[in-house]
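Residue numbers (the numbering used here), protein chains in the order written: chain P, 69 to 413; chain D, 69 to 413. First up is the structure itself, then whatever we jot down about it.
Number of protein chains: 2
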Amino acid sequence: MGSARPSSPGPLPMTSPDPAQRPGEFELIAKLFAPLARDAQGAFGLTDDVAVLGPRPGMDVVLKCDSLIESVHFLRDDAAATISRKALRRALSDLAAKGARPCAYLLALALPRWPDMAWLDAFAGGLAADQAEFGISLIGGETDATPGPITITVTAIGHVSRGALIRRNGARPGDLVFVTGTIGDAGAGLALLKDGACAPSEEARNFLLARYRVPIPRLAFGRGLCGLATAAIDISDGLVADLGHIAETSGVRIEIVAGRVPLSAALREFGGEAPRTVLMAAGAGDDYEIAFTAPASEMEAILDLARRTITPVAVIGSVLPGSGVAMLDGTGQEIPIGRKGYMHF
Amino acid sequence: MGSARPSSPGPLPMTSPDPAQRPGEFELIAKLFAPLARDAQGAFGLTDDVAVLGPRPGMDVVLKCDSLIESVHFLRDDAAATISRKALRRALSDLAAKGARPCAYLLALALPRWPDMAWLDAFAGGLAADQAEFGISLIGGETDATPGPITITVTAIGHVSRGALIRRNGARPGDLVFVTGTIGDAGAGLALLKDGACAPSEEARNFLLARYRVPIPRLAFGRGLCGLATAAIDISDGLVADLGHIAETSGVRIEIVAGRVPLSAALREFGGEAPRTVLMAAGAGDDYEIAFTAPASEMEAILDLARRTITPVAVIGSVLPGSGVAMLDGTGQEIPIGRKGYMHF
């Protein structure tokens, strides 16, 4: 873990421990974060300034950095272990959609004064659990004091066979449009937290909250898509918005059929009447499912991949000449789409 | 530039443009940041989810992430172009001290509402200038809204010949201790800003402020140190603190001679009587010079490297068996050292 000397002009404490009864920076790194780097050769036990990644013959290195900010991307009341896992999984999800296999990550953690050792222990515990699940290690990073919200920046690092990365720009007219998992669950989970909306059952509520708090990066499925998919993206801004990114970058039009957008039983319980729920789901974000395009000739291979990786996958539409994204009803009529996704500003 | 969908539970604006008269996120990326990625093959013009780094035969990939936070590491009044350059250069300085050659970086930018387009233009302009100076490109990143301070996280990416990275842990008894440039200038520059302390001359003041605001990563010199230095670190926490990291990781004692610590003419003007100024300089941070150890047998090669790269270098002490860092006066007596550097908490 690097040490960046803060030339603090501000009111932050210059000594340790601070009022939150935390140990100092170096002790914190040694106690909480060095164990997460124990098994990674190029991490040097977080006792050096940088991390090193050995070359893998025939492989490209894939990099993605992604920030999670308190009160923007998570709530202070969220469990620390789900906050750290979400920060990590969001970045892993980008690698998944590109067909890359993650191997390591860097962590930059800006901490205000309030998180105490119990919070930090749980935060690191979430990372440890996900490292074991995904076979990755922390290899470097940075901790800093901040007068603002907790800000967690993960740089995920992975590999993909040279040239095999699945881009956004390869969709071609005639391709089919696919999506993994179910759409809109995380958006409903956030609505439950924000608006206190009631889900019809405790089971549905728990499912939707879990989908919001701990997304599932579709890593094994994504890796299998190399050579099958012509374009792919992980759904973070929302199904329609992210398909829009593929349409724009590929120079094509994408049409999806509302009735084919996969919705969970919990979301149907929560959202009621189907068409309205589909529109909400397709405009919400944070799904971290993979939307992708592929020729119909790859259908069997894709279904086989879905079976092998136990990943639900659905065909929801097709690629045409033109531009933009449209949603059609059962009769082929276009359904007006409102807000198409989230912009950060 | 990735788009991480903010599942905003907070009070942030959900639409664009915002009150600061900035364009929306995607337009901002296209206008300001995509040009910074134009020349980098694996950046895809910031139109995809990840960045890709092609393998370089025989080279290791070196990674360092580092955050710069408003009111912690810089002042809001600082010029935007120097803020972005400092964020970039701090991470490059770590690569320099390890002997690595930078090639690219990722940028995660958390922005509150106040920076307007003029500020953002200047911020990107600073990055463009440094990209040209150091031969690197932006290859990916992330922008997010934040209710807190501007938080800039740079992940610097470089290469070093396989196994040639200069670690912290190789210092051996008998080695000499070296440092590049001059020490304490940035600390004095910060003191001028914080305390309104007066420098004796406008020239000295400008020099010290420039050293605080825009550090110089010693990249060419650092690359030349591969095979010469036994251990190295960039001085961010302070000369004594950072030599302490080498001493601890290498399992040695380091003794430096106060009169040999190189001080700039401006710092001597600012700090007055020499011994007190040396102590201040050795405890201040943000120097981003390289402190390193090497056998005396490499002295000629090091001086030759210094000449070729036009880098001032000084011998300031030696490595002994034992532990810790001591500062000696001209008679070999130990000078008591107070606070040994900065901890972030």
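For every residue, glycine included, the Cβ atom is placed at its ideal position computed from N, Cα and C.
inquiry  = Residues of chain D with CB closer than 7 Å to the CB of T115(P), please, in chain order.
reply    = Residue mapping note: residue 115(P) aligns to position 47 of the first sequence, counting from 1. By Cβ distance, chain D contributes R236, T317.
ask   = Where does the unbroken beta strand (DSSP E) through F191(D) begin, and where does it stop?
value = Residue 191(D) sits at position 123 when you count from the first residue of the second sequence. F191(D) -> not in any beta strand (DSSP E); alpha helix (DSSP H) instead, spanning 185 to 202.
ask   = What are the uninterrupted segments assigned as alpha helix (DSSP H) that are 4 or more residues long and contained completely in the segment 120 to 177 of chain P, given in chain order?
value = 148 to 165
ask   = With DSSP run on the structure shown, which of helix, strand or coil describes I314(P)?
value = Here residue 314(P) is taken as the residue at index 246 of the first sequence, counted from 1. Of the three classes helix, strand and coil, the one that applies to I314(P) here is helix, per DSSP.
task = List the endpoints of the continuous alpha helix (DSSP H) containing E341(P).
result = On the first sequence, residue 341(P) is found 273 positions in, with the first residue counted as 1. No alpha helix (DSSP H) holds E341(P); DSSP gives it neither H nor E.
query = In three-state DSSP terms, what is V346(P)?
reply = Position 278 of the first sequence holds residue 346(P). Three-state result, V346(P): helix.
message = Does the segment 188 to 204 of chain D come into contact with the segment 146 to 166 of chain D, if we say contact requires no fewer than three beta-carbon pairs (one atom in each stretch) closer than 8 Å?
response = yes
ask   = Bridge partners of G216(D), per DSSP?
value = Translated into positions along the second sequence, residue 216(D) becomes position 148. G216(D) is not bridged to any residue.
ask   = Nearest-angstrom Cα distance between M367(D) and T361(D)?
value = Mapped onto the second sequence, residue 367(D) falls at position 299. Mapped onto the second sequence, residue 361(D) falls at position 293. For M367(D) and T361(D), the distance between alpha carbons rounds to 11 Å.
inquiry  = Using beta carbons (cut-off 7 Å, strictly below), is S75(D) in contact with chain P?
reply    = For the purposes of this step, residue 75(D) is taken as the residue at position 7 of the second sequence. Residue placement at S75(D) is flagged as unreliable, the pLDDT there being 44, under the threshold of 50; the coordinate-derived value follows with that caveat. For S75(D), the answer is yes, since a Cβ of chain P falls inside 7 Å of its Cβ.
query = Going by the beta-carbon positions, is the gap between K132(D) and A159(D) smaller than 7 Å?
reply = Numbered from 1 along the second sequence, position 64 holds the residue referred to as residue 132(D). Numbered from 1 along the second sequence, position 91 holds the residue referred to as residue 159(D). Yes, Cβ-Cβ distance for K132(D) and A159(D) is below 7 Å.
request  = Please report how far the alpha carbon of T317(D) lies from the alpha carbon of A98(P), in whole angstroms.
outcome  = Walking along the second sequence from the start, residue 317(D) turns up at place 249. Walking along the first sequence from the start, residue 98(P) turns up at place 30. Between T317(D) and A98(P), the C-alpha separation is close to 13 Å.
query = Helix, strand or coil: how does DSSP classify S391(P) here?
reply = Here the question's residue 391(P) lines up with position 323 in the first sequence. Three-state DSSP puts S391(P) in coil, outside helix and strand.
message = Please return the same chain residues whose Cβ sits closer than 6 Å to the Cβ of A119(P), not counting the five positions on each side in sequence.
response = Within the first sequence, the letter at position 51 stands for residue 119(P). Excluding residues within five positions, the ones whose Cβ falls inside 6 Å are G110, A111, I207, G208.
request  = To the nearest angstrom, report how far apart G257(P) and V381(P) are at their CA atoms.
outcome  = Within the first sequence, numbered from 1, the residue matching residue 257(P) stands at position 189. Within the first sequence, numbered from 1, the residue matching residue 381(P) stands at position 313. Roughly 22 Å separates the two Cα atoms.
ask   = Roughly how many angstroms lie between the CA atoms of R273(P) and Y280(P), to the nearest whole one?
value = Looking up residue 273(P) in the first sequence gives position 205. Looking up residue 280(P) in the first sequence gives position 212. Distance between the alpha carbons of R273(P) and Y280(P): 11 Å.
request  = Output, in sequence order along the chain, the residues in the segment 120 to 132 of chain P whose CB is closer than 8 Å to any CB in chain D.
outcome  = V120, L121, G122, P123, R124, P125, G126, M127, D128, V129, V130, L131, K132
query = What does DSSP give as the partner residues of A224(P) in its beta bridges?
reply = In the first sequence, residue 224(P) corresponds to position 156, counting from 1. Its beta-bridge partners are K132(P), Y173(P).
ask   = Mind pulling the chain D residues with CB within less than 7 Å of I137(P)?
value = Within the first sequence, numbered from 1, the residue matching residue 137(P) stands at position 69. Those within 7 Å of I137(P) in chain D are A178, D212, T214.
Chain P within 7 Å of V245(D), Cβ atoms only = Your numbering for residue 245(D) matches position 177 in the second sequence. It does not; no Cβ of chain P falls within 7 Å.
request  = Provide the residue span of the alpha helix (DSSP H) that contains I370(D), from first to last.
outcome  = Against the second sequence, residue 370(D) aligns to sequence position 302. Unbroken alpha helix (DSSP H) run through I370(D): 367 to 376.
key: Stretch-stretch touch, CB-based, cutoff 8 Å, three pairs: the segment 225 to 241 of chain D with the segment 135 to 146 of chain D   = no
task = Pick out whichever of R230(P), S161(P), I303(P) has its Cα sitting closest to the Cα of D355(P).
result = One-based indexing of the first sequence puts residue 355(P) at position 287. The residue with the shortest Cα to Cα distance from D355(P) is I303(P).
ask   = Any idea what DSSP makes of E270(D), helix, strand or coil?
value = As a first step, residue 270(D) is located in the second sequence; it is residue number 202 there, counting from the start. Correct three-state label for E270(D): helix.
Separation of A265(P) from R144(D), as counted between CA atoms = Along the second sequence, one-based indexing puts residue 144(D) at 76. Along the first sequence, one-based indexing puts residue 265(P) at 197. Answer to the nearest angstrom: the Cα atoms are 40 Å apart.
message = Between V118(P) and chain D, is any beta-carbon pair separated by less than 7 Å?
response = Along the first sequence, read from residue 1 onward, the residue named residue 118(P) stands at position 50. Closer than 7 Å to some Cβ of chain D, the Cβ of V118(P) qualifies, so yes.
ask   = Helix, strand or coil: how does DSSP classify R236(P) here?
value = Working through the first sequence from its first residue, we reach residue 236(P) at position 168. Three-state result, R236(P): coil.
inquiry  = For the segment 122 to 129 of chain D against the segment 208 to 224 of chain D, do three or more pairs of beta-carbon atoms, one drawn from each stretch, fall closer than 8 Å, so that the two count as touching?
reply    = no
inquiry  = For a cutoff of 7 Å on Cβ pairs, would you count L174(P) as touching chain D?
reply    = Translated into positions along the first sequence, residue 174(P) becomes position 106. Yes, its Cβ sits closer than 7 Å to a Cβ of chain D.
Partner residues on chain P for I301(D), Cβ-Cβ distance less than 7 Å = Counting from one through the second sequence, the residue named residue 301(D) turns up at place 233. The contacting residues are D117.
query = Under the three-state reduction of DSSP, which class applies to G385(P): helix, strand or coil?
reply = Position 317 of the first sequence, counting from 1, holds the residue named residue 385(P). Of the three classes helix, strand and coil, the one that applies to G385(P) here is strand, per DSSP.
request  = Would you mind sorting L371(P) into buried or exposed? The rule is 16 or more other CB atoms within 10 Å of its CB.
outcome  = As a working note, residue 371(P) is residue 303 in the first sequence. So L371(P) ends up on the exposed side.
inquiry  = Using a Cβ-Cβ distance cut-off of 7 Å, determine whether T221(D) contacts chain P.
reply    = In the second sequence, residue 221(D) corresponds to position 153, counting from 1. T221(D) counts as touching chain P.
task = Look up V308(P) in the DSSP assignment and say whether it is helix, strand or coil.
result = The residue you call residue 308(P) lines up with position 240 of the first sequence. DSSP places V308(P) in helix when its eight states are reduced to three.
inquiry  = Check this for me: beta carbons of R286(D) and I358(D), under 7 Å apart or not?
reply    = Within the second sequence, numbered from 1, the residue matching residue 286(D) stands at position 218. Within the second sequence, numbered from 1, the residue matching residue 358(D) stands at position 290. The answer is yes: Cβ separation under 7 Å.
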